[in-house]
Ligand code: CP
């Protein structure tokens, strides 16, 4: 079986295949009755060691709409609190014969560690500052539906790039699909050698979003600052906050995105976030359910004896 630990290692045609597969689920999700039983009899375990609203609920909804038995591990009430290791936790979930395990963890690389220990597909729901592959897939799907293409677009990802797994997965996915990706951050929140991932770095926000087709805003990842320089919300907003006035510098029909959760008034104003034409933020959430349905379906095809990608 294959896992989905990151965008790294996926071929462009595999990314496009997952986006194409997700399209059918958008249609199903907009219907009154939202059911397809192809994962009936399979067990999905969601193990989230970090907080989540969108990713956890959309994986739960995705599994249920495809007919799987979905179990959410309550990490706060689990034996993790008694000192059980990550590996022992993974081996325990595996012994219960899970058919899919979705993991979010605060440590980069933790999901791969678990993937190496279990007998079923593992999906990364965000590990430390490493990757958040389903977020990048749902962002790519949102862009493709709104702009009609990804290749040839200029996408500016702005804010705390250093601590962002969303930025990393998006750079990998969008450059693989032919977009020009700019990253815009203060020097203290910009990873060194980001060019090696294929992104073009900017420190000046206004220059970075000049003519961009898509402006993707990120929040300050306060939980991962490790005592590093932390700008005050006011200071950050003044330099790197997206306002309607600033958005004028981007392309005339530029799309505004944010993975959530937002800190309104810090990296983005409510006027921009709630803009009826320009903001795609709630559409991103909708695409998240469809993309996760596609990933659960495709990754379990081999175990269900169905021809497919994995
Ligand atoms: N975008 C995202 O991962 O949101 P959650 O942390 O709410 O899952």
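In UniProt numbering, the protein residues as written are 7 to 316. In this text, a Cβ means the ideal position worked out from N, Cα and C, and glycines have one as well.
query = Can you find at least 3 beta carbon pairs, one from the region 116 to 135 and one from the region 284 to 297, that sit closer than 8 Å?
reply = The region 116 to 135 vs the region 284 to 297: no contact.
message = Could you tell me which whole beta strand (DSSP E) segments of length 3 or greater appear in the region 17 to 99?
response = 49 to 54 and 75 to 79
request  = List in chain order the residues whose CB is within less than 7 Å of at least one heavy atom of the ligand ADP.
outcome  = Ligands displayed in this structure: the ligand CP; the ligand ADP is not among them.
task = Ignoring anything shorter than 3 residues or poking outside the region 230 to 298, list the beta strand (DSSP E) runs there in chain order.
result = Complete beta strand (DSSP E) runs here, min 3: 261 to 263.
query = Expressed to the nearest angstrom, what Euclidean distance is found between the alpha-carbon atoms of residue 94 and residue 107?
reply = The count along the chain shown starts at 1 and reaches residue 94 at position 88. The count along the chain shown starts at 1 and reaches residue 107 at position 101. Distance between the alpha carbons of residue 94 and residue 107 is about 14 Å.
query = So what's residue 180 in DSSP terms, helix, strand or just coil?
reply = Position 174 of the chain shown, counted from the start, is the residue given in the question as residue 180. Reduced to three states, the DSSP call for residue 180 is helix.
ask   = Between residue 180 and residue 149, is the Cβ-Cβ spacing less than 9 Å?
value = Locating residue 180 in the chain shown gives position 174, counting from the first residue. Locating residue 149 in the chain shown gives position 143, counting from the first residue. The answer is yes: Cβ separation under 9 Å.
ask   = Would you say the region 213 to 227 touches the region 270 to 289, given that touching needs at least three Cβ pairs under 8 Å?
value = yes
ask   = If you run the structure through DSSP and keep just helix, strand and coil, what is residue 225?
value = Stepping through the chain shown from its first residue, residue 225 is reached at position 219. Three-state result, residue 225: coil.
task = Would you grab the beta carbon distance between residue 62 and residue 54 for me? Rounded to a whole angstrom, and I think it's under 8 Å.
result = The residue given as residue 62 occupies position 56 in the chain shown. The residue given as residue 54 occupies position 48 in the chain shown. With 8 Å as the limit, residue 62 and residue 54 qualify as a contact, their Cβ atoms being about 5 Å apart.
task = Taking only the alpha-carbon atoms, compute the straight-line gap between residue 86 and residue 92 and give it to the nearest angstrom.
result = Taking the chain shown and counting its residues from 1, the one referred to as residue 86 is at position 80. Taking the chain shown and counting its residues from 1, the one referred to as residue 92 is at position 86. If you draw a straight line from the Cα of residue 86 to the Cα of residue 92, it is about 8 Å long.
inquiry  = Applying the 10 Å Cβ sphere with the 16-neighbour rule, what's the burial state of residue 199?
reply    = Looking up residue 199 in the chain shown gives position 193. Exposed, since its Cβ has fewer than 16 Cβ neighbours within 10 Å.
inquiry  = Between which two residues does the beta strand (DSSP E) holding residue 129 run?
reply    = Translated into positions along the chain shown, residue 129 becomes position 123. Per DSSP, residue 129 belongs to the beta strand (DSSP E) from 128 to 133.
query = Helix, strand or coil: how does DSSP classify residue 168 here?
reply = For the purposes of this step, residue 168 is identified with residue 162 of the chain shown, where counting begins at 1. In this structure, residue 168 counts as coil in the three-state DSSP scheme.
query = Is the number of C-beta pairs between the region 16 to 31 and the region 130 to 138 that are closer than 8 Å three or more?
reply = no
Bounding residues of the beta strand (DSSP E) (the contiguous stretch that carries residue 207) = Working through the chain shown from its first residue, we reach residue 207 at position 201. 206 to 208 is the extent of the beta strand (DSSP E) around residue 207.
request  = Give me the Cβ distance between residue 45 and residue 302, rounded to the nearest whole Å; I'm assuming they're in contact under 8 Å.
outcome  = Residue numbering aside, residue 45 sits at position 39 when the chain shown is read from its first letter. Residue numbering aside, residue 302 sits at position 296 when the chain shown is read from its first letter. Between residue 302 and residue 45 the Cβ distance is about 6 Å, and since that is below 8 Å, they are a contact.
Exposure label - residue 36; buried when at least 16 CB within 10 Å = One-based indexing of the chain shown puts residue 36 at position 30. Counting Cβ neighbours within 10 Å, residue 36 comes out exposed, since fewer than 16 surround it.
query = Exposed or buried, residue 117, counting other C-beta atoms within 10 Å across all chains shown (16 or more means buried)?
reply = Residue mapping note: residue 117 aligns to position 111 of the chain shown, counting from 1. Buried.
task = Tell me where the alpha helix (DSSP H) around residue 117 begins and ends.
result = Counting from 1 along the chain shown, the entry for residue 117 is found at position 111. That run of the alpha helix (DSSP H) goes 116 to 121.
request  = Pull up the distance between the alpha-carbon of residue 25 and that of residue 18, whole angstroms please.
outcome  = Looking up residue 25 in the chain shown gives position 19. Looking up residue 18 in the chain shown gives position 12. Approximately 11 Å between the Cα atoms of the pair.
key: Residue environment, residue 238, which counts as buried when at least 16 other CB atoms sit within 10 Å   = Taking the first residue of the chain shown as position 1, residue 238 is located at position 232. Under this definition residue 238 is an exposed residue.
task = Tell me, please, which residues DSSP counts as bridged to residue 160.
result = Stepping through the chain shown from its first residue, residue 160 is reached at position 154. Beta bridge pairing from DSSP links residue 160 with 186.
ask   = What three-state label does DSSP hand residue 110 in the structure shown?
value = Counting from 1 along the chain shown, the entry for residue 110 is found at position 104. Assigned with DSSP and collapsed to three states, residue 110 falls in strand.
key: Beta-carbon spacing of residue 201, residue 192 below 9 Å   = The residue you call residue 201 lines up with position 195 of the chain shown. The residue you call residue 192 lines up with position 186 of the chain shown. No, these two residues do not count as a Cβ contact at 9 Å.
task = Give the range of the alpha helix (DSSP H) segment to which residue 140 is assigned.
result = Taking the chain shown and counting its residues from 1, one reaches residue 140 at position 134. 139 to 153 is the span of the alpha helix (DSSP H), which, as asked, contains residue 140.
ask   = Helix, strand or coil for residue 220 per DSSP?
value = Taking the first residue of the chain shown as position 1, residue 220 is located at position 214. Residue 220: strand per DSSP, three-state reduction.
message = Quick check: residue 203 and residue 174, are their CB atoms within less than 9 Å of each other?
response = In the chain shown, residue 203 corresponds to position 197, counting from 1. In the chain shown, residue 174 corresponds to position 168, counting from 1. Yes, these two residues count as a Cβ contact at 9 Å.
Nearest to residue 33 (by Cα), restricted to the options 11, 9 and 71 = To locate residue 33, count along the chain shown from 1; it is residue 27. Of the candidates 11, 9 and 71, the one whose C-alpha sits nearest the C-alpha of residue 33 is 71.
key: Short Cβ contact (9 Å threshold) for residue 218 with residue 146   = In the chain shown, residue 218 corresponds to position 212, counting from 1. In the chain shown, residue 146 corresponds to position 140, counting from 1. No; because the gap between Cβ atoms is not below 9 Å, this pair is not in contact.
task = Rounded to whole angstroms, what's the CA-CA distance from residue 214 to residue 119? Just pull it up for me.
result = Here the question's residue 214 lines up with position 208 in the chain shown. Here the question's residue 119 lines up with position 113 in the chain shown. Looking at the two C-alpha atoms, the distance is approximately 36 Å.
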